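Here the structure is laid out as structure tokens; the discussion comes afterwards.
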Amino acid sequence: MTMNLVVRDQPSQTENGTFIDPTELVIFAENATTGFTVRTPYMRVTPHEVCQMITIFATAQLIPNVKSISMVGNNGMADIPFVIPSYKKRDVVVCISPLFVSEQWQNFLLAVHIYKKYGAHMNLYLISAVTSFYDLMKEYEKEGYMTIQPWIKVTFPGVPITTADPHNEIEFRNQAACQTDCLLQFKESARFVTFLDLDDVLIPRIAPTYVEEFQKLMDGKNKLAYMTYHKENYDVTTMRDSSKFSLTNMFANLELKHLRETGKIVVDPRNLNYTWIHFPPEMPTGLEKYTVTENVITHLKTIFWTDQQSTNENVEPPLYYDNSSARIITSKEIQELEDDLRKMIEKPRISKIYSKLPNNHYYRDLVVNCYNDRYYRYDHAGRIGEMKCPGPHLCGFHQHPKITCMHVNATHIPMKTLHPITYYYATNPYFTGDIGCYSH
Numbered sequence: 016m017t018m019n020l021v022v023r024d025q026p027s028q029t030e031n032g033t034f035i036d037p038t039e040l041v042i043f044a045e046n047a048t049t050g051f052t053v054r055t056p057y058m059r060v061t062p063h064e065v066c067q068m069i070t071i072f073a074t075a076q077l078i079p080n081v082k083s084i085s086m087v088g089n090n091g092m093a094d095i096p097f098v099i100p101s102y103k104k105r106d107v108v109v110c111i112s113p114l115f116v117s118e119q120w121q122n123f124l125l126a127v128h129i130y131k132k133y134g135a136h137m138n139l140y141l142i143s144a145v146t147s148f149y150d151l152m153k154e155y156e157k158e159g160y161m162t163i164q165p166w167i168k169v170t171f172p173g174v175p176i177t178t179a180d181p182h183n184e185i186e187f188r189n190q191a192a193c194q195t196d197c198l199l200q201f202k203e204s205a206r207f208v209t210f211l212d213l214d215d216v217l218i219p220r221i222a223p224t225y226v227e228e229f230q231k232l233m234d235g236k237n238k239l240a241y242m243t244y245h246k247e248n249y250d251v252t253t254m255r256d257s258s259k260f261s262l263t264n265m266f267a268n269l270e271l272k273h274l275r276e277t278g279k280i281v282v283d284p285r286n287l288n289y290t291w292i293h294f295p296p297e298m299p300t301g302l303e304k305y306t307v308t309e310n311v312i313t314h315l316k317t318i319f320w321t322d323q324q325s326t327n328e329n330v331e332p333p334l335y336y337d338n339s340s341a342r343i344i345t346s347k348e349i350q351e352l353e354d355d356l357r358k359m360i361e362k363p364r365i366s367k368i369y370s371k372l373p374n375n376h377y378y379r380d381l382v383v384n385c386y387n388d389r390y391y392r393y394d395h396a397g398r399i400g401e402m403k404c405p406g407p408h409l410c411g412f413h414q415h416p417k418i419t420c421m422h423v424n425a426t427h428i429p430m431k432t433l434h435p436i437t438y439y440y441a442t443n444p445y446f447t448g449d450i451g452c453y454s455h
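One gets my numbering by counting positions in the sequence shown from 1 and adding 15 to each.
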């Protein structure tokens, strides 16, 4: 299990006055015939001290056919809802980090068609998106291209922010917990799991599909927990008007920047239980990692929306980063992706939504400028001591009168105070148009 833990300066005090510094979790499980209590230590996932709230992970062996799970304290228990992981066999699952106030429908169309073509299923975590873009994603979900995973904010009803501030003191919209959540969901059903942002695109280079490339890279090596693909930056110019948009045109306007960023990992889920944002903080005993040199992630670093449509009919596939004549994709593959896009656009429900997609990027500019000013300028300069807990909470989301969003919501209830840890959770997630365009 993965959870967020509030780091306290002092150990918590129980009602009888004793101090306990919690170093383990106590779990009670029941099935139809028996109950079972287990104690297990937890491991810290967050590798820094910038935020008050950290992500932790624990592993425990419970009983078969479990019906209920409770977290045990010195003065009571808290029932915890749980879900059964997916058992539908998949070769590769791509876990997309949580989107908020998202307008980037062009990125989505590029990514979702690429992942389907090369044998992966997209599991996209969503906080909020412009309404028409949300509607488009829902149609792709109905067609089996991807799954939308509601990503609910962390909140503690009745707890003052002086005690715990989940709005300002949780890292990057709880991304580390999101990625571990995705890994655990597909741990028993997927051959490989990878964690990407929506502006990251991985195209197989040494094999025709993801699963074949990943297996080929792992074959003949010592037992691997994960592989790291570097991210190679590209700028891209794409049409703002959906009626003029094409994947062919988007590929034709990719410009290599010869600048590399921190990569992303591909996991063998049999060998790894949790991860942080970029990589696991610790390597499991007896396992190794591999840095991939045979391929890179195409990172759409800067995206320009334009009204100027290219008239060049001879589209050259974009160059690979290594200054050779190699291309990141073939013309034939681009055409196959374009054909798949056209097939989807021709569906009446999607065609109706397609004409309403955003043609301006109001929130993207707001977030990019905010992140650069309040986080990246400190990070890139090594001024770590001046950094605040990073994430979209640093930004002001000034609402636009003509832009509406679908936003996740859920039921949050006050919980009985337990010692040494009080447990909170959310239930009944759903999307609504009544909240606005926000990151939480």
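Beta carbons are placed, not taken as given, at the ideal position from N, Cα and C, and that holds for glycine. In this text the structure is predicted, and so the values were computed from the model without any measurement.
Close beta carbons around residue i, own chain, < 6 Å, minus the five adjacent residues each side
i    : result
Y130 : V109 and M137
E451 : The sequence shown places Gly at residue 451, not Glu. Once the five neighbours on either side are set aside, the close Cβ partners of G451 are Q414.
Q190 : S112 and I292
A441 : I167, A425 and H427
R220 : N310
V53  : I42 and A75
Y160 : V127 and K131
Continuous beta strand (DSSP E) stretch holding residue i: start and end
i    : result
T70  : M68 to A73
T61  : That residue, T61, is in no beta strand (DSSP E); it is neither H nor E in DSSP.
L433 : That residue, L433, is in no beta strand (DSSP E); it is neither H nor E in DSSP.
P165 : M161 to P165
F287 : For clarity, residue 287 is Leu in the given sequence; the question names Phe instead. Looking at the DSSP string, L287 is not in any beta strand (DSSP E), and its letter there is neither H nor E.
V21  : T17 to V21
A44  : E39 to E45
Span of the alpha helix (DSSP H), counted from its first residue to its last, around residue i
i    : result
N264 : L262 to A267
H395 : R392 to H395
C420 : Run containing C420: none in the alpha helix (DSSP H); it sits in the beta strand (DSSP E), C420 to H427.
Q190 : Q190 to Q200
Beta-ladder partner(s) of residue i, from DSSP
i    : result
D94  : S85
F210 : C110
D215 : H314
N138 : C110 and T162
E270 : D250
L239 : E303
V65  : According to DSSP, V65 bridges with nothing at all.
Chain-order list of residues whose beta-carbon lies under 8 Å from that of residue i (same chain, five-residue window excluded)
i    : result
K132 : E348, E351, L352 and D355
K238 : N286, G301, L302 and E303
Residues near residue i in its chain [Cβ-Cβ closer than 7 Å; skip 5 each side]
i    : result
G134 : D106, V107, T224, Y225 and V226
K236 : Y305
H128 : L262, L352, D355 and L356
T313 : V216, I218, E247, Y249 and I343
F115 : I142, S143, R188, P407 and S454
Three-state class that DSSP yields for residue i in the structure shown
i    : result
L231 : Before going further, note that residue 231 is Lys rather than Leu in the sequence given. Helix at K231.
T442 : strand
Y149 : helix
T277 : strand
V121 : The displayed chain sequence assigns Gln, not Val, to residue 121. DSSP places Q121 in helix when its eight states are reduced to three.
N80  : coil
Y244 : strand
A205 : strand
K11  : Absent from the model: residue 11. The displayed extent of the chain is 16 to 455, so no value can be given.
A126 : helix
G400 : helix
S143 : strand
Residue i at chain B interface by Cβ criterion, 8 Å
i    : result
A126 : Of the chains in the structure shown, none is chain B; there is only one protein chain.
In chain order, each alpha helix (DSSP H) run of at least 4 residues that lies wholly inside the segment 299-386: 346-360, 363-369 and 377-386
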